[in-house]
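The structure appears below as structure tokens.
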Amino acid sequence: MTEPGCAFCRIVAGTAPAHEVLRDDRVVAFLDRRPLFPGHTLVVPLEHHETLIDLPEDRVGPLFAQARRLAAVMEDALGAAGSFVAVNNRVSQS
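Take any residue in the sequence shown, note its place counting from 1, add 86, and you have its number in the working numbering.
In structure tokens, the structure reads:
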């Protein structure tokens, strides 16, 4: 399930450039093109779902498991004292 006009769907499909840091059978994670801070990474499901509310319940756990994994890896890799994990529902999704 993809949306032709969705930048995230194009990244997932490999038709738009992105620096991927993780891909599995449910999610892909890639560095933000305009990072707010070092290591700014976006984690998206492989299927198009506009918001977290639209994400099927059986996909929530795998998505957050990988977000958790990346938070730990980024702290280690960047020598950061912590991490910030947020969910963006429509606001600033570009």
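Here a beta-carbon is modelled for each residue, glycine too, at the ideal position from N, C-alpha and C.
Separation of residue j from residue i, as counted between CA atoms
i, j, result
"G147", "P131", "11 angstroms"
"E106", "R120", "15 angstroms"
"C99", "E89", "The amino acid occupying residue 99 in the given sequence is Ala; Cys does not appear at that position. Spanning the two alpha carbons is a distance of roughly 11 angstroms."
"A166", "M160", "7 angstroms"
Supposed contact pair residue j and residue i - C-beta distance, whole angstroms, cut 8 angstroms
i, j, result
"A104", "F123", "About 18 angstroms separates the two Cβ atoms, so there is no contact after all."
"Q152", "D111", "Not really, about 11 angstroms apart at Cβ, beyond 8 angstroms."
"I97", "V114", "7 angstroms"
Bridge partners - residue i, DSSP secondary structure assignment
i, result
"R109", "V114"
Residue range of the alpha helix (DSSP H) that includes residue i
i, result
"R96", "A93 to A99"
Proximity test, residue i beta-carbon vs the ligand GDP heavy atom, cut-off 7 angstroms
i, result
"L132", "Annotation note on the ligand GDP: not contained in the displayed structure, which lists no ligands."
### Query
Which runs of the beta strand (DSSP E) spanning at least 3 residues fall entirely within the region 125-176, listed in chain order?
With a minimum length of 3 residues, the continuous beta strand (DSSP E) runs that stay inside the region 125-176 are 127-131.
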